[in-house]
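According to my numbering, the sequence shown is numbered sequentially starting from 2. Contents: one structure, followed by commentary.
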Amino acid sequence: MRIIVVRNEKEAAKKVAFIVSSIIRKKPNCNLGLASGRTMIPLYKELVERKLDFSKVKTFNLDEYIGLKNNKKGFHSFMDKNLFNNVNIKEENVYFPENKNYDGIIKKSGGIDLQILGIGKNGHIGFNEPGSSLKSKTRKVKLSKETKKANKIGMDYAWTAGIKTIMDSKKIILLAFGREKAGIIKKTLEEKITKDIPASFLRKHKNIAFIVDKDSAKKLNDIKTAR
Ligand code: GLP
Numbered sequence: 002m003r004i005i006v007v008r009n010e011k012e013a014a015k016k017v018a019f020i021v022s023s024i025i026r027k028k029p030n031c032n033l034g035l036a037s038g039r040t041m042i043p044l045y046k047e048l049v050e051r052k053l054d055f056s057k058v059k060t061f062n063l064d065e066y067i068g069l070k071n072n073k074k075g076f077h078s079f080m081d082k083n084l085f086n087n088v089n090i091k092e093e094n095v096y097f098p099e100n101k102n103y104d105g106i107i108k109k110s111g112g113i114d115l116q117i118l119g120i121g122k123n124g125h126i127g128f129n130e131p132g133s134s135l136k137s138k139t140r141k142v143k144l145s146k147e148t149k150k151a152n153k154i155g156m157d158y159a160w161t162a163g164i165k166t167i168m169d170s171k172k173i174i175l176l177a178f179g180r181e182k183a184g185i186i187k188k189t190l191e192e193k194i195t196k197d198i199p200a201s202f203l204r205k206h207k208n209i210a211f212i213v214d215k216d217s218a219k220k221l222n223d224i225k226t227a228r
């Protein structure tokens, strides 16, 4: 497990974009696991600016609200706007969870080479809310009040890749920025591994990097800013 503290989100975006570009160069038909949310915006901007070749890449998004697939508030639209419309990805290579076959589709495609994650203030990853099990697979979930408030959304249900779906990825990078994530980053990294903080399960993964900015790292013991 690596914890990398960077000065700001731009620096984090550059680091991750560099990793993504080397994966695509080495394996043009790689499978990327992608997330939505504000945290991802600087990264997707970097990826677009690098003009990477997405022509053979497959992407697997983590989640989507039920009922918002064709709505501008949904994650499909978020991804189109911030990434897919601005790179040469093929529409048929873009996947979102919308039924329980998702894990099977990922497996058949060869598994996720790199999964990028954000984190909710309550420790959710994807829409695996507190209480989700380490063995959870892609499924329909009910969103917590806290998540609905944080995401300013009135929808009650979503499809999410499970914790197991995420943990099966070959490599994982979790990004967190800003003071509002400082409390959950401390719990995720330094307190006990528990289903009450789904992101804490990630510490069991053998190739996981947490890339956090100074503000979200400020409650951690002993942090050193990476250069
Ligand atoms: C959303 C998504 C997550 C995301 C998280 C953080 O609810 N389901 O995949 O990581 O919340 O969002 P943000 O980056 O906007 O803080």
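The C-beta atom is built at its ideal place from N, Cα and C for all residues, glycine as well. Here the structure is a predicted model, which is why all the values come from computation and not from measurement.
Here R140 is buried. Its C-beta has 16 or more other C-beta atoms within 10 Å. A Cβ-Cβ distance of about 6 Å is found for the pair L203 and I173, placing them in contact under the 8 Å criterion.
For N62, there is no enclosing alpha helix (DSSP H); the residue is found in the beta strand (DSSP E) stretching over K59 to N62.
R26: member of the alpha helix (DSSP H) spanning E10 to K27, first to last residue. Per the coordinates, the alpha-carbon of P29 lies some 11 Å from the alpha-carbon of D114.
Look at E93 here: in three-state DSSP terms it is helix. Per the coordinates, the alpha-carbon of N9 lies some 20 Å from the alpha-carbon of N83. In the structure shown, D214 falls within a strand segment according to DSSP collapsed to helix, strand and coil. Within the same chain, G75, F76, H77, F97, P98, E99, A159 and W160 come within 8 Å of E65 by CB-CB distance, once the 5 residues on both sides are set aside. Distance from the CA of P43 to the CA of G179, rounded to the nearest whole angstrom, comes to 13 Å. Annotated three-state conformation of E65 is strand, per DSSP.
Placement of the Cβ of G38 at a distance of less than 7 Å from at least one heavy atom of the ligand GLP is found. The bridge partners DSSP lists for Y103 come to none.
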